[in-house]
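Asks:
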């Protein structure tokens, strides 16, 4: 479980030639770090007289961020879990027609799983960005720069995970399914990147 | 020491109302994660016959990434270390003229330290991006998407840290020094963002 690893061990595992954790797991971790910074902003807002009017809203955002953080951390492990059977499938024999048909079937199934995990990371990252947009408006002015950093982490979850979607859908034989997944990934990018740029732009303006 | 914390503890500390670790430390951590993914690409390249011609170059890039990772991890702690005296300075009395003069001097000194740490993170992030550009050309084709994710982390180190530079230089009395630091920060952004976009664009093209 990633949650119990030290920072040092995680950096070593990420640096190593072992395929997981790799770019997919790192993208989910970026998402988790983005939620953590959002929670920090929330924690610096609730309980302050100045922000009493938005306390209920901010508390609700924090609950959602906590849930999203749990999902993102679980997706680091999930990304590693779906990789092993895919790597094994690449190594299956394909000498006879039966072997080839079996290998194709196993490959297809595992490519699907391996593309759905980063797609999930992307869709959650867009949710995180939606919350951060509201937090930029309602959160403590003292922590506005932390909203900006949170946005950059959520953006990395999105732009990192999308490549791991495409790598896997690229090899899928079921092109209709592959295109359906690619379109969901593109929709997340099309929504998320301008949203991230908009929030970050607002934060930058406020720091001037 | 951040290095020895578990992922769970680090996420909790980042989420809490404690000011450190905050956006500055998280930006340095993003830089460290970017170097780790770069090292993974290097580790998947060296020792392979196919990449024998670039092995010396890639090994040299890896040495540089290891050094940059150590610096980035140290900067997470350094960012926390410079915050405490700054927070204390804000609380100094300013009733008499002598007290005010003393407070101004202490504030100025600590604002300078607190802006130089994120500036350092930014300048190192641009170095990481420079190495990733070469790694995109020479590294294993199997790990090209990991170069793309690494780029996004280095970009977050840059775009996250810049806000922590501006927050601190904004309150500095020595405007010449403040402008000098702001200009170095702007130079890092002006160099780093297009570089990040260029490498990421190339990776995306190669995944199509």
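Chains as they are written, first to last, in our numbering: chain A, 1 to 208; chain B, 1001 to 1208.
Quick reminder that beta carbons are idealized off the backbone N, C-alpha and C, glycines included.
Please read all numbers here as calculations on a predicted model, not as lab measurements.
What is the rounded straight-line gap between the Cα of residue 1169(B) and the Cα of residue 1134(B)?
Replies: If I take the Cα positions, the gap works out to 34 Å.
Asks: Helix, strand or coil for residue 9(A)? Go by DSSP, reduced to three states.
Replies: Of the three classes helix, strand and coil, the one that applies to residue 9(A) here is helix, per DSSP.
Asks: Please work out which residues of its chain come closer than 7 Å, Cβ to Cβ, to residue 196(A), disregarding the five sequence neighbours upstream and downstream, and give them in chain order.
Replies: Cβ within range, chain order: 129, 151, 154, 155.
Asks: So, with DSSP's three-state summary, where would you put residue 1002(B)?
Replies: Three-state result, residue 1002(B): helix.
Asks: Check distances from the C-beta atoms of the stretch 1010 to 1022 of chain B to those of chain A and list, in chain order, the residues that come in under 7 Å.
Replies: Cβ contacts with chain A come from 1010, 1011, 1014, 1015, 1016, 1017, 1022.
Asks: What residue does the alpha helix (DSSP H) around residue 1081(B) start on, and which one ends it?
Replies: Element bounds for residue 1081(B): 1055 to 1090.
Asks: The alpha helix (DSSP H) spanning residue 1044(B) covers which residue range?
Replies: It is not in any alpha helix (DSSP H) - residue 1044(B) carries neither H nor E in the DSSP assignment.
Asks: So which residues on chain A does residue 1003(B) lean against when the C-beta distance must stay under 9 Å?
Replies: Near residue 1003(B) (Cβ distances below 9 Å), the residues of chain A are 6, 7, 8, 11.
Asks: Taking only beta carbons into account, state which residues of the stretch 148 to 165 of chain A come closer than 7 Å to chain B, listed in chain order.
Replies: Per Cβ criterion, the list reads 148, 149, 152, 153, 156, 159, 160, 163, 164.
Asks: To the nearest angstrom, how far is the alpha carbon of residue 200(A) from that of residue 103(A)?
Replies: C-alpha separation (whole angstroms): 46 Å.
Asks: For residue 1146(B), go through chain A and note every residue whose CB falls closer than 7 Å to its CB, in chain order.
Replies: The answer, in chain order, is 22, 23.
Asks: Taking 6 Å as the limit between beta carbons, can you name the residues of its chain near residue 85(A), skipping five residues before and five after?
Replies: For residue 85(A), where only same-chain residues beyond five positions count, the Cβ hits under 6 Å are 110.
Asks: Distance, Cα to Cα, residue 14(A) vs residue 1003(B)?
Replies: For residue 14(A) and residue 1003(B), the distance between alpha carbons rounds to 14 Å.
Asks: Say whether the stretch 36 to 51 of chain A touches the stretch 136 to 144 of chain A, bearing in mind that this needs 3 or more beta-carbon pairs closer than 8 Å, one atom from each stretch.
Replies: Result yes; three or more Cβ-Cβ pairs closer than 8 Å.
Asks: DSSP state of residue 140(A), grouped into three classes?
Replies: Here residue 140(A) sits in coil by DSSP.
Asks: So, does the stretch 157 to 175 of chain A touch the stretch 185 to 193 of chain A, judging by three or more C-beta pairs under 8 Å?
Replies: Verdict: yes, contact present.
Asks: In three-state DSSP terms, what is residue 1019(B)?
Replies: Reduced to three states, the DSSP call for residue 1019(B) is coil.
Asks: Once the 5 residues before and after residue 1165(B) are set aside, which same chain residues still bring their CB inside 6 Å of it?
Replies: So the list reads 1115, 1118, 1119, 1185, once near-sequence residues are dropped.
Asks: Report yes or no: is there a C-beta of chain A within less than 8 Å of the C-beta of residue 1043(B)?
Replies: Yes, because at least one Cβ of chain A sits closer than 8 Å to the Cβ of residue 1043(B).
Asks: Can you tell me the Cα-Cα spacing of residue 6(A) and residue 1101(B), whole angstroms?
Replies: The alpha-carbon atoms of residue 6(A) and residue 1101(B) are separated by roughly 44 Å.
Asks: Smallest Cα separation from residue 204(A): which of 149(A), 178(A), 27(A), 53(A)?
Replies: Cα-wise, what sits closest to residue 204(A) is 149(A).
Asks: What residues from chain A crowd round residue 1121(B), counting only those whose CB sits closer than 8 Å?
Replies: The premise fails here: residue 1121(B) is roughly 11 Å from chain A at the closest Cβ pair, so nothing lies under 8 Å.
Asks: Cutting at 8 Å between CB atoms, please list the residues of its own chain near residue 1202(B), excluding the five before and the five after it.
Replies: Closer than 8 Å at Cβ, skipping near neighbours: 1136.
Asks: Counting beta carbon pairs with one atom in the stretch 62 to 80 of chain A and one in the stretch 35 to 42 of chain A, are three or more of them shorter than 8 Å?
Replies: Yes, they touch.
Asks: Can you name, in chain order, every residue of its own chain whose Cβ lies under 7 Å from the Cβ of residue 1073(B), other than the five neighbours on each side?
Replies: Around residue 1073(B): 1002, 1003, 1032.
Asks: Is the CB-CB distance between residue 1079(B) and residue 1020(B) below 8 Å?
Replies: Yes, the pair counts as a contact, with Cβ atoms nearer than the cut-off.
Asks: Apart from the five residues on each side of it in sequence, which residues of its chain come closer than 8 Å, Cβ to Cβ, to residue 39(A)?
Replies: Excluding sequence neighbours, residue 39(A) sits near 62, 65, 66, 69.
Asks: Expressed to the nearest angstrom, what Euclidean distance is found between the alpha-carbon atoms of residue 1094(B) and residue 1105(B)?
Replies: Between residue 1094(B) and residue 1105(B), the C-alpha separation is close to 12 Å.
Asks: Strictly below 8 Å CB to CB, what residues from chain B border residue 167(A)?
Replies: Per Cβ cutoff of 8 Å: 1145, 1207.
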